[in-house]
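Okay, structure first, notes after.
In mature numbering (1 follows the signal peptide of the UniProt record, and there is no 0), the protein residues as written are -25 to -1, 1 to 732.
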């Protein structure tokens, strides 16, 4: 769910071209030309004011640029220019100029001559600054566009609106929209702003209440021409009358929920009464908040006890009618069922996939019989058949476990991936009883649905009610979604090339990242040429994750044979992430325990934690979650068990279902929550360790996984391909005043938008 981990967040979950055309015809003739080819410096220094200047919004439209002044400065007094991803590429070029239109109706217009004929992934375009524009009062972005019939033109390109995520000015987010069906005639394009979902910061509670707030503080309007998208690689377009407009149409938003069909109880219940109602639908519930145990000295016996207690969560916190695991329970501080506790009767499809693997793990660990495992798996599959599916064949992201209604419009790549991985594990464990049925389920959908063949990366997901894909892709390689990508390639549903289009490191020009990567030079693996690279920790090379969390690094090897098949690749990188995590947390931060990953916040909510040095962006430290270190069992077993013993010694972090979700190290405050996701990782990781990779071996027994094993065996992550000058590593904490320039694309980060259940 990485969502980072895919943010389940305080909102408990993961969130995570159409154009209206009309117009005239004519050709433009050059007037006084104001050509500007600008590639601003790769970094700019700027302080972001706490409150940008507010623009008046008394009318139904706000003009951004009509070019009538003959200047590239827009109507908001913002600068404009062209940008080029690779200005040194002779076959990637962009020129802009203000010219006279042939027809009087348009006066002066912007002429855009683009060239993306390069064999590389060329990108360039036009930008204009919006100067912190508050556009929350408008619902559409509008402009006039036409192609040059004589010179030719692409019939599609991308529009982006960018803004800073917060007042620090260090990170930008963007909304995108694909413009299609451009013609040689003037057309007025209207873009519904509700479809630019990437502008929403889902971690902001105010956005959930009023999603139009996402359109405040807009920084930039950008046109993007891409070699892999352009229908004609060299051509000319004319742009005019860029404006925000208010049509007064009520539009759906990314934070909407499907309508509910009925009540769960005849009489409305709240608080403790509702918790008691939900508890009756379960097989059991904790009787105590804290549990004191006499722990054996033998490490494997210690782990077997943790596994048995963790299994109790999946044995009991499952809706007995529908056999779906619940996402979350929170125990009260003094009593398990109390006003400060709750039962979250919802689940997402990652939880279900992990639950299937946990049933198999319980069988492996001899907690249940084969007959019980098959029976319970069969009942869960019965419910999966009943759930409402998207037309793609995939399930939606969230469902109510009491009513089995879907509670989300979002179809998630990474969650769908973990569900299928769980299905493969169940199929391989019990092929005679479940094989044919599961094969039919697996054949009902294709991961090509999530694949963007322009970026050659996977979308985070798809908003069914908006009919748009998410604005972001899973762009970083060393993160949780690589397991879904591996599976999709093995199934033959996306090309092998996709594996190498996920970035090992970001370009050096991306000034927001923690380090400037070393050895980021072209390399070729399995016939695909791409740029590799790595960071260093005291001279030790490693490929970073996005946030530096154990979850991103070590959830995929629960099912991928990275340690076994990639001793000079992912397996070695996993080992180094564990070593650096332990070193940084114990010796640099001075914590007595280690293991950080997205988890519950003991003070309330859900957040991202990690070892900042291990991430391209890097999460903050502060909260330790037991599942993070347990994921490292197969890489540092003695250190992991020592860490777990220290956790139970120092903190009241153990309950009837095993380790609680998290503890704030500085205060000792414990999040008395159990999350299906984190419990699942604990049980599966222990099973893999005690039973020699039982779950992982089953996954690799499939023909699908075998076909993709070359992805693991062939890549060496730390090859020295070119001599580099000695350089000073950037400080781990980037300066807050550094921001990206107009010419620098945003990172396609791995944080998916959280979706409420």
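All C-beta atoms, glycine included, are put in the ideal place defined by N, C-alpha and C.
Residue i versus residue j - alpha carbon distance
i: residue 349; j: residue 327; result: 15 Å
i: residue 323; j: residue 256; result: 18 Å
i: residue 553; j: residue 72; result: 54 Å
i: residue 506; j: residue 650; result: 38 Å
i: residue 231; j: residue 472; result: 36 Å
i: residue 289; j: residue 162; result: 57 Å
i: residue 80; j: residue 180; result: 45 Å
i: residue 657; j: residue 333; result: 10 Å
i: residue 482; j: residue 523; result: 18 Å
i: residue 319; j: residue 670; result: 28 Å
i: residue 250; j: residue 637; result: 22 Å
i: residue 39; j: residue 211; result: 22 Å
i: residue -3; j: residue 147; result: Its pLDDT being 34, under 50, residue -3 is placed unreliably in this model, and the value from its coordinates should be taken loosely. Taking the straight line joining both Cα atoms gives about 34 Å.
i: residue 335; j: residue 393; result: 15 Å
i: residue 388; j: residue 533; result: 18 Å
i: residue 470; j: residue 306; result: 46 Å
i: residue 417; j: residue 397; result: 11 Å
i: residue 110; j: residue 405; result: 56 Å
i: residue 321; j: residue 361; result: 16 Å
i: residue 191; j: residue 43; result: 26 Å
i: residue 586; j: residue 160; result: 54 Å
i: residue 710; j: residue 449; result: Note that residue 710 scores 30 on pLDDT, short of 50, meaning its location in the model is unreliable; the coordinates nonetheless yield the value given after this. When rounded, the distance between both Cα atoms is 25 Å.
i: residue 645; j: residue 599; result: 10 Å
i: residue 172; j: residue 132; result: 18 Å
i: residue 684; j: residue 578; result: 43 Å
i: residue 737; j: residue 315; result: In the structure as shown, the chain starts at -25 and stops at 732, and residue 737 therefore has no counterpart that could be examined.
Outcome for residue i when other beta-carbon atoms lying within 10 angstroms are tallied against a minimum of 16
i: residue 513; result: exposed
i: residue 195; result: buried
i: residue 491; result: buried
i: residue 98; result: buried
i: residue 86; result: buried
i: residue 722; result: Its pLDDT being 44, under 50, residue 722 is placed unreliably by the model, and nothing is read from it.
i: residue 246; result: exposed
i: residue 643; result: exposed
i: residue 655; result: buried
i: residue 583; result: buried
i: residue 435; result: buried
i: residue 236; result: exposed
i: residue 667; result: exposed
i: residue 428; result: exposed
i: residue 502; result: exposed
Residue interval of the alpha helix (DSSP H) (run including residue i)
i: residue 337; result: 324 to 339
i: residue 315; result: Looking at the DSSP string, residue 315 is not in any alpha helix (DSSP H), and its letter there is neither H nor E.
i: residue 462; result: 457 to 465
i: residue 399; result: 388 to 404
i: residue 353; result: 345 to 361
i: residue 184; result: 180 to 184
Start-to-end residues for the beta strand (DSSP E) that takes in residue i
i: residue 121; result: 115 to 122
i: residue 205; result: Unbroken run through residue 205: none, as it is neither H nor E.
i: residue 230; result: No beta strand (DSSP E) holds residue 230; DSSP gives it neither H nor E.
i: residue 375; result: 373 to 375
i: residue 500; result: 497 to 500
i: residue 305; result: 303 to 305
i: residue 166; result: 162 to 167
i: residue 503; result: 503 to 506
i: residue 555; result: No beta strand (DSSP E) holds residue 555; the alpha helix (DSSP H) holding it covers 545 to 558.
i: residue 738; result: As shown, the chain starts at -25 and ends at 732. That puts residue 738 outside it, with no answer to give.
Sequence-distant residues of its chain with Cβ nearer than 6 Å to residue i (five each side left out)
i: residue 205; result: 91 and 129
i: residue 63; result: none
i: residue 124; result: 159
i: residue 244; result: 252
Other residues of its chain near residue i: CB distance less than 7 Å, five sequence neighbours each side excluded
i: residue 240; result: 252
i: residue 227; result: 169, 440 and 441
i: residue 431; result: 472, 473 and 476
Chain-order list of residues whose beta-carbon lies under 8 Å from that of residue i (same chain, five-residue window excluded)
i: residue 268; result: 280, 623 and 629
i: residue 409; result: 349, 352, 353, 356, 401 and 402
i: residue 467; result: 682
i: residue 664; result: 278, 608, 609 and 612
Cβ of residue i within 9 Å of any chain D Cβ
i: residue 674; result: Checking the listed chains, one finds no chain D in this structure; it contains a single protein chain.
Worksheet item: Taking only runs of the alpha helix (DSSP H) that begin and end inside the segment 599 to 684, which ones reach a length of at least 4 residues, in chain order?
Response: Here the runs fully enclosed are 601 to 605, 612 to 625, 651 to 665, 669 to 676 and 678 to 682.
Worksheet item: Which residue spans inside the segment 232 to 274 form an unbroken beta strand (DSSP E) run of at least 3?
Response: Those beta strand (DSSP E) runs which fall completely within the segment 232 to 274 and span 3+ residues do not exist here.
Practice prompt. Jot down the residue ranges of each uninterrupted beta strand (DSSP E) in the segment 36 to 96, minimum 3 residues, whole runs only, in chain order.
Written response: Runs of the beta strand (DSSP E) inside the segment 36 to 96: 36 to 40, 55 to 59, 67 to 75 and 83 to 91.
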